[in-house]
Structures are given as structure tokens and as C-alpha cells.
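Residue numbers (the working numbering), protein chains in the order written: chain A, 49 to 518; chain B, 132 to 312. Following: one structure in C-alpha cells, then a few remarks.
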């Protein structure tokens, strides 16, 4: 094959780190990922589920209590019609953005390192969106009338208002969830077939077999499969950007100081990716520790890259915070000025929730700056701690936006303090139980790493591999 | 797998994606039509090696997206302009307010396209199909692990048990096996 005697070799400093370290074989990848599902139930898993499932149950009980007694069991009251409910909704839906970003946008931009984290990140997306969906559904008060959200003539032939961002939100979130499920499932089909072919028990073979749809790795199938995957990635990319933009319209189209701003869509999207990656790392770092056999698949390189994305999006969010302050001053609008410089940013005690603003500033803008240092990005403990700051900070961001604007708006006579009720706090904690329980079930029963996609990035998968023996 | 069952075809195993691709090129050039390769991951370049063109699934998805957009347009405009024009907060409700419908039209376009992509994928690949003769071949389990297989169907006009077997062995196929239906 060699046409000339000179072989061009990539200089050492330009060579990329391999995505799967230690030159593992295809069978090794199948084996290591599948055995997580096939091995007997580990003790840590049972213990974890015994902790998270009662928390989930507590959350469900709070929801039932709220539905049967009305929204009055929460702390929301005039003028704070929205508070923890919508804060939690935006918090969870924001977390749900990282999965699709990793699976769709990084796919289109040919970021091959995504393959070993996309499956778990997508699963996390689905569970986060489920948690998010709970809040708008129950905060409407009369839960049994939640179907009023649907585009049907619901009461007295009245249709919902199609010009309202709240209705756009219904379409955006439900489309996002449906498309994410499809994308996730299409990605799972070849791996379910792998589990089917390895299954020892008849029952496992049957269940995995049913969901694998009879996949047999045929190239005539892969041809359409790859096109479908590419199209789903192409569709999900604008979708993921639209969802949080539309969530931000819920605020931006109102006239409340602190909400009525054009910077919201990009600022929300950056914040969602920021918070989402922090949650991906929050889950992946312990998983990488529990399954040391995966250390050749989830490497330092992956953590390093995700930390860089957190640094980038955190800085975009920081820029947005500063720009909000600048515009509040430069516009000369008294009410904007009051919201930003008294209710939120100043520390003179005249605002009620300044501590929340500064907690947000510290967690989201200052703490991720440590990721400028490679040593910090490579230290899993530091990364994990910073991700917790980001999780907390992103929750506070939504709290600051919603509550400071509502509690102290135009007329001091209509101001009102807000503090959450116990039910409200327990409901929020309960959603963490739901989220973690679902994730534990996912880890136990489905391949948490996309086996066929990881194989594709190994040198063995390259059809030109082995032509020139180095 | 008794001998009186109908023969589905011949299967051969290859060592690597590269070997399989070269074998596929030879089978293509030999003029076979009803054959396939099975790999644990999509091998890039295999479509060309098999003489397959670009998947036209995208055309179906375009139609699905178009239907979604039309659904979105009808769903928003018909109730808002004709069935129940609603004045909210004294805001305008005439035709220049159409941009307020774009988010819903966009979301429905994406939703319909995504479902079309899934269903067209299943339709083109004739899935779900829980029984297939290749599953009768015990070595075939490795197709979802690290095996690279080539299967030529008996339905193919050029198929002959002895000559096709010889050809498969000649191009580097191992464990060439007769697969029964």
C-alpha cells in the first residue's frame, strides 16, 4: 500500500490523548460495561436505594398532601405567587440541559470524548426533566384541572392563549422530554442487543430482547440508524437552546423589574449548561469511584474537559450578572436600579434577600474560576466540591430572580416577605430522592456507558487500522 | 438446526473491521445483491464498500417536520383567529401577532420530525423483528460484542452452497457456516 517510503507521523506534542486509555480491546469494553448490570446486586447499591427511596416517597407524600389541601400549604402568597415551586422547576429543567448538550451538540461538533459520558448524562436529563415537570403541574392548584394546559377547548369552549409564554413552555418542555426519550432509546438499541446476547437468565434475555427490537448489527440497519441519530442530534440542538430560552420568556415578557430584560435567553441557556454539567460531574465522579473498572473509559481527560465547560459557562453567567447591573445603572430606570442595587446586590440590609444574591455570586462566578488551573481540574475532590457550589449557586440564581423581584417590586405598600413552608422544603428534598432513585435503577439495569459508541472511538474500529504497522 | 430445515444462507466471520470491509468490497464486485454484514458498531466506509447509497431517511424526516410545522400553524392560528379570538390584557390580537406563535410551531416541527425519524428508522430496518435466522448461528452472539460477520442469503441469484462457501473462504472468511431458517 505504501506509495512512498516517507511516512508522515504526527509530532508527539500534537498527538491526541487516546479516549480509551491502555489500548483496551472491543471485548474488554463490552465486558466491563455489561458486568455492572450482570453482576449480583452490590451492597452499596441496596443501601443507597434504601436511603433515596424513602426520600422520594416523602416527596410524593408532600405532593399528595399539597394536592389534597391546596397551594395554601406552601409559603406562596401575594405578592409572591411564584417562589420555590418555579425556582425548583427552573433548577431541574436547567440540569436537564447537559445531557442533550453532550449527546447532540457535542455530537454535531464531533467531540468524540462525549461517547463515554453521554448515556448517563442523557438518563440524568430525563430524570431531571421528570422532577421539573412535577412543579408546574402541581403549582396550578387544582391539579385535576391540569389538562387545561393542553391545547384543547377546555372550559366553555375557551382555548388556551397561544400567545402566552406559559403555554409555549408546555410545548417546549413536553417536546424536550419526548425527543430526549427518543434520542436516548435510539442510542440504547444496540447496547440492549449486547445485553440480550450476553444474558444468562431467560427472563433477562426476554426483557432485553424485547427492547432491543431484534437488533443484529446489520450494516443495512446501521446506515439508516446513523442517519436517524444524526438527524435527532440536529433536531435536539436547536431544541435544547429553545427550551431554556422559552423558560426565560416566562420572566422576560413580564414587566417586573429584574425580569423584563432581553439578556435572559442566552443567560438562561448558559446557566442551564453550567448547572447541568455540574450535576453530571456530581453523579459521574462517585460512579467512577464505585466502578474502578471504568477508569479507562471515564478518564481525567473527560473530567478536565467538563471542568473547562463549567469554567466557560460560569464566566458567561458572570458576564450576564454584571451586564444586568450595568444596564440597571445605565438605563436610569429607578425601579430596575432599586431591584439590582438595593434588593439584590447591595449589602446595606434594605433588601431582604441580599444574602441569596451574594451566595449566588460566590458560587457561580467566583468558585469555578479555580478551574483555570489544570491541577485543580485534575483533582477529583476539588472538582466535586466546586460542582456542589455550582449546584447550590444555580438554585440560588433562580431564587434570586424570582423572589427578589416579586417580594419588593414597584409599590412598597404591596411588598411582602416570603419564606418556604415545611411541606415546600420537603417536596424539594423529595425530588432529589426521586432523581437519585431513578438514577440508581438506571445504573443497575441499563448499560451506563454507550458500548457501541465507545467502540467506535477506539483505534480498532477504524477500518484503516492495521494497514501500516507502526 | 436440523438439516431438513430450509437454508437461509452462508455466514463467515472476519478478524477486524478492516478485513470485513475488504471482503465486502469483493462481494459487492462479485455482484451479489442479498447479503449483509453485521458489526458491533457502524463501520465508517462500509456503506461504500457494500455499494449502498445515502440513507433517504432524511427525506421522510423532512416530510414529518413539514407536517409538524403545518400542524403548529393550524393549531395556533385557527383557534386564535377564528374559533375563539381572545383579548388578553388589552394586547393586540390581529394578524401581526403571528410571531407569538413561532415557538409552538417550532416545537411541533421538532416533535413531529423526531417521531418520524424513529418510526421511519424502524420501518426501513423492518424492526422490531424478534426472530431472524442469523440468531440460529451460535457464533453470531459476538456481532454485538467484537465479531465481524458477513452473511450471504440463499435467495441471492448468484448463491451456490459450494461456490459461495469457497469464495467466502478465499476472501478471508473464517468459520464459514450454513445458516438454517
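Don't be surprised by glycine CBs; every beta carbon is placed ideally from N, CA and C.
- By the Cβ neighbour-count rule, residue 272 of chain A is buried, with 16 or more other Cβ atoms within 10 Å of its own.
- If you look at residue 221 of chain A, you'll find it in the alpha helix (DSSP H) that goes 213 to 246.
- Taking 8 Å as the threshold, the shortest C-beta distance from residue 235 of chain A to chain B does not fall below it.
- Judged by DSSP in its simplified three-state form, residue 166 of chain B adopts strand.
- Here the stretch 257 to 270 of chain A lies against the stretch 167 to 177 of chain B, with 3 or more beta-carbon pairs under 8 Å apart.
- Secondary structure of residue 305 of chain B (DSSP, three-state): strand.
- Excluding sequence positions up to five before and after residue 242 of chain A, its CB lies within less than 8 Å of the CB of 78, 82, 495, 499 and 500, all in the same chain and listed in chain order.
- The C-beta of residue 207 of chain A comes closer than 8 Å to at least one C-beta of chain B.
- The residue from B/156, B/161, B/219 and B/310 with its alpha-carbon nearest to that of residue 206 of chain A is B/219.
- For the C-beta of residue 275 of chain A, the chain B residues within less than 9 Å are, from N- to C-terminus, 185, 186, 187, 188, 189, 192, 248 and 252.
- For residue 248 of chain B, the uninterrupted alpha helix (DSSP H) segment begins and ends at 233 to 255.
- Rounded to the nearest whole angstrom, the C-alpha separation of residue 297 of chain B and residue 160 of chain B is 16 Å.
- As summarised for the stretch 337 to 425 of chain A, the continuous alpha helix (DSSP H) elements at least 4 residues long and confined to that stretch are 348 to 378, 382 to 386, 402 to 409 and 422 to 425, given in chain order.
- Taking 8 Å as the cut-off, the Cβ atoms of residue 448 of chain A and residue 405 of chain A count as close.
- Within chain B, 167 and 169 have C-beta atoms less than 7 Å from the C-beta of residue 266 of chain A, given in sequence order.
- Between the stretch 164 to 173 of chain A and the stretch 451 to 462 of chain A there are fewer than three C-beta pairs closer than 8 Å, too few to call the two in contact.
- The continuous beta strand (DSSP E) containing residue 138 of chain B extends over residues 138 to 145.
- When the beta-carbon positions are compared, residue 279 of chain B and residue 145 of chain B come within less than 8 Å of each other.
- Under the 8 Å Cβ criterion, the stretch 476 to 493 of chain A counts as touching the stretch 87 to 107 of chain A, having at least three qualifying pairs.
- At least 8 Å separates the beta-carbon of residue 421 of chain A from that of residue 356 of chain A.
- Residue nearest to residue 151 of chain B within the set B/303, B/309 and B/308 is B/303 (criterion: CA-CA distance).
- Remark: C-beta atoms of residue 471 of chain A and residue 140 of chain A do not approach each other more closely than 8 Å.
- In this structure, the beta-carbon distance from residue 103 of chain A to residue 481 of chain A falls below 8 Å.
- For residue 294 of chain A and residue 445 of chain A, the gap between their C-alpha atoms comes out near 17 Å.
- Between residue 284 of chain B and chain A, the shortest Cβ-Cβ separation is not below 8 Å.
- Among the residues facing chain A, residue 299 of chain B is not included, as its CB has no counterpart in that chain under 8 Å away.
- Any Cβ of chain B closer than 8 Å to the Cβ of residue 272 of chain A would place that residue at the interface, and such an atom is present.
- The Cβ atoms of residue 175 of chain A and residue 134 of chain A lie no closer than 8 Å to each other.
- A direct Cα-to-Cα measurement between residue 262 of chain B and residue 286 of chain B gives close to 18 Å.
- Taking 8 Å as the threshold, the shortest C-beta distance from residue 422 of chain A to chain B does not fall below it.
- Residue 283 of chain B: member of the beta strand (DSSP E) spanning 279 to 284, first to last residue.
- Taking residue 334 of chain A as reference, the option from A/101, A/346 and A/136 with the minimal CA-CA separation is A/346.
- The beta carbon of residue 210 of chain B falls within 8 Å of a beta carbon belonging to chain A, placing the residue at that interface.
- With contacts defined by Cβ atoms closer than 8 Å, residue 425 of chain A and residue 510 of chain A do not form a contacting pair.
- Within the DSSP secondary-structure output, residue 311 of chain B pairs in a beta bridge with B/138.
- Contact note: residue 157 of chain A does not reach chain B at a C-beta cutoff of 9 Å; the least C-beta distance is about 17 Å.
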